[in-house]
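Take the sequence shown: its position 59, counting from 1, is numbered 135 in the numbering used here, and each next residue is one higher. We treat Cβ as the ideally placed atom computed from N, Cα and C, and that holds for glycine. The structure displayed is predicted, hence computed values, not measured ones.
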Amino acid sequence: MRYLGAASAEMPRPMPGVLLADEELATEPTHITIVGHKDDARAQRLHAIARALPARYKRLEWLDPREGRLPNPDVDYPDLGEPAAFACGNRICSFPAFSAEELQANVAQMAKLKPARAAQN
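In structure tokens, the structure reads:
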């Protein structure tokens with residue numbers, strides 16, 4: 077970052093991309109995983125809701141148990157027999173969300189649990 081910061085400081089207008097890169101390097105993304113069959117309308121609805129959630133930096137995955145594990149399986153998600161969404165961050169995950177309201181509340185709760193920038197350094 078010091079090389080990008082030095083170049084940005086010499087410019088008449090600093091590049092906002094440097095600030096975004098710094099934020100992405102310093103914090104975990106909002107991590108949302110949908111667990112359910114991709115041809116299930118309820119899972120599709122949860123995925124659409126998760127895509128629409130406002131976040132500058134997020135990681136959205138869809139685990140269909142019929143397709144096997146995710147490429148980066150850093151969390152083991154349970155198959156609850158019905159589509160569910162999980163919001164994760166800072167090594168913890170939310171309870172499963174089965175509706176738009178529950179998913180939005182879980183993501184908001186995870187965002188509150190992100191460590192403050194000063195505490196990370």
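Discussion item. My output table needs one value for K188: the three-state DSSP class, helix, strand or coil.
Written reply: Looking up residue 188 in the sequence shown gives position 112. When DSSP states are grouped into helix, strand and coil, K188 belongs to the helix group.
Practice prompt. Identify, in the order they occur along the chain, each residue of the same chain with its Cβ nearer than 7 angstroms to the Cβ of Y153, setting aside the five sequence neighbours on each side.
Written response: Working through the sequence shown from its first residue, we reach residue 153 at position 77. Answer for Y153: T109, V111, L139, F162, listed in chain order.
Item to complete: Using three-state DSSP, classify A194 as helix, strand or coil.
Response: Mapped onto the sequence shown, residue 194 falls at position 118. Low confidence applies to A194: its pLDDT is 46, below 50, so where it sits in the model is not reliable, and the reading given next is rough at best. It is helical.
Fill in: Cutoff 8 angstroms; reference Q185; Cβ partners in own chain excluding five residues on either side
To locate residue 185, count along the sequence shown from 1; it is residue 109. A163, S170.
Worksheet item: If you draw a straight line from the C-alpha of A194 to the C-alpha of D150, how long is it?
Response: Stepping through the sequence shown from its first residue, residue 194 is reached at position 118. Stepping through the sequence shown from its first residue, residue 150 is reached at position 74. Note that A194 scores a pLDDT of 46, beneath 50, so its modelled location is shaky; the value from the coordinates is reported in the next line. The alpha-carbon atoms of A194 and D150 are separated by roughly 26 angstroms.
Item to complete: Can you tell me which of the three DSSP states R142 falls into?
Response: Working through the sequence shown from its first residue, we reach residue 142 at position 66. Residue state, collapsed to three classes: helix.
Worksheet item: When DSSP builds the beta bridges, which residues end up paired with F162?
Response: Position 86 of the sequence shown, counting from 1, holds the residue named residue 162. F162 pairs with T109.
Discussion item. Tell me the DSSP secondary structure of R132 in three-state form.
Written reply: Taking the first residue of the sequence shown as position 1, residue 132 is located at position 56. In the structure shown, R132 sits in coil (DSSP, three-state: anything other than H, G, I, E or B).
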